[in-house]
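Undergrad: Protein chains in written order, with the working numbering: chain A, 69 to 181; chain B, 393 to 505.
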Amino acid sequence: KAGVTQTPRYLIKTRGQQVTLSCSPISGHRSVSWYQQTPGQGLQFLFEYFSETQRNKGNFPGRFSGRQFSNSRSEMNVSTLELGDSALYLCASSLDSGNNEQFFGPGTRLTVL
Amino acid sequence: AQSVTQLGSHVSVSEGALVLLRCNYSSSVPPYLFWYVQYPNQGLQLLLKYTTGATLVKGINGFEAEFKKSETSFHLTKPSAHMSDAAEYFCAVKGTGRRALTFGSGTRLQVQP
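#1: So, at 8 Å on beta carbons, what are the nonlocal neighbours of SER147 (chain A) in its own chain, with the 5 sequence-adjacent residues on each side left out?
#2: Roughly how many angstroms separate the alpha carbons of TYR157 (chain A) and THR73 (chain A), rounded to a whole number?
#3: On a CA-only basis, which of B:LYS470, B:ARG414, B:ALA446 is nearest GLU407 (chain B)? Give me that one, please.
#4: When you check each C-beta in the stretch 153 to 178 of chain A against every C-beta of chain B, which residues fall closer than 9 Å?
#5: Taking only beta carbons into account, state which residues of the stretch 120 to 137 of chain A come closer than 8 Å to chain B, listed in chain order.
#6: Between GLN434 (chain B) and chain A, is any beta-carbon pair separated by less than 7 Å?
#7: Between which two residues does the beta strand (DSSP E) harbouring SER465 (chain B) extend?
#8: Determine the chain B residues that contact SER101 (chain A) at a beta-carbon separation under 9 Å, and present them in chain order.
#9: With H, G and I counted as helix, E and B as strand and the rest as coil, what does DSSP make of ASN453 (chain B)?
#10: Can you say whether GLY435 (chain B) is buried or exposed, counting buried as having 16 or more other CB atoms within 10 angstroms of its CB?
#11: Put SER476 (chain B) into one of helix, strand or coil per three-state DSSP.
#12: Tell me the residue span of the beta strand (DSSP E) that contains ARG135 (chain A).
#13: For THR176 (chain A), which of A:THR75, A:GLY71, A:ALA70 has the nearest alpha-carbon?
#14: LEU438 (chain B) versus chain A: which residues are under 9 Å apart at the beta carbon?
#15: Measure from the alpha carbon of GLN398 (chain B) to the alpha carbon of each residue in B:SER420, B:PRO422, B:PHE426, then state which is nearest.
#16: Say whether chain B places a C-beta atom closer than 7 Å to the C-beta of LEU79 (chain A).
#17: How should GLY445 (chain B) be labelled, buried or exposed, when 16 other C-beta atoms within 10 angstroms of its C-beta is the threshold for buried?
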């Protein structure tokens, strides 16, 4: 069974631009969570989607948004990029929103110049 | 509210020596506890998890952890370190119900030959 895939793996953008990251969960998994990883703040929860609905949201500004499609694939969007948005963005999937085991993808490394 | 404290951002051991990575948590509800490992430029891989039942949990690659409610701890151990164990290790907690993982700040394990 294929694991969680994230595209692209690396991305370079400039301040003020917007970016869309994609995540394909493990087949059969309906919950997708997004995390931001930075050296200073560590791993922080962004949001979780289950059956196309946002179930949980972390403490991030409205510039960070996401969505989930009927096939459980998810995208996250960051608008008006800031230098501080440079991070590794990790996607994790699980069978359902209440299931406790999350499987992580390799991440998308976003660099904002 | 839930939080995780990992004591020691860097731990160095000799190959063949005992590995001990410390994790203390706080949670207002019975916790589910996890240890993840991250190799350079990769996502997180689940090492082991505690949900309910036996408090000594065995994971992959010879790692194990013991849930001690009285000490609010979930320390990770391995009897004999291998060079391939060099990586960053994250302890995480999740309360019962639909809550996101809260991660510790991570411990970088270095294994000396």
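Backbone N, C-alpha and C define an ideal beta-carbon position, used for all residues, glycine too.
Just so you know, these numbers come straight off a predicted model, no measurement behind them.
TA: Looking at the atomic coordinates:
#1: Once the five neighbours on either side are set aside, the close Cβ partners of SER147 (chain A) are GLN86, ARG131, SER133.
#2: Taking the straight line joining both Cα atoms gives about 12 Å.
#3: Looking at the Cα atoms, B:LYS470 is the closest of the given residues.
#4: Flagged, chain order: LEU156, LEU158, CYS159, ALA160, SER165, GLY166, ASN168, GLU169, GLN170, PHE171, PHE172, GLY173, PRO174, GLY175, ARG177.
#5: If the cut-off is 8 Å between Cβ atoms, the stretch 120 to 137 of chain A has ARG123, ASN124, GLY126 near chain B.
#6: Yes, GLN434 (chain B) lies at the interface with chain A (some Cβ there is under 7 Å from its Cβ).
#7: For SER465 (chain B), the enclosing beta strand (DSSP E) covers residues 465 to 470.
#8: Result: ALA492, LEU493.
#9: When DSSP states are grouped into helix, strand and coil, ASN453 (chain B) belongs to the helix group.
#10: Burial call: buried.
#11: In the three-state scheme derived from DSSP, where H, G and I count as helix and E and B as strand, SER476 (chain B) is classed as helix.
#12: ARG135 (chain A) -> beta strand (DSSP E) spans 132 to 136.
#13: Residue A:THR75 holds the alpha-carbon nearest to the alpha-carbon of THR176 (chain A) among A:THR75, A:GLY71, A:ALA70.
#14: Correct list: GLU169, GLN170, PHE171, PHE172.
#15: Put simply, of B:SER420, B:PRO422, B:PHE426 the residue whose alpha carbon is nearest the alpha carbon of GLN398 (chain B) is B:PHE426.
#16: LEU79 (chain A) does not count as touching chain B.
#17: GLY445 (chain B) is classed as exposed because its beta carbon has fewer than 16 other beta carbons within 10 Å across all chains shown.
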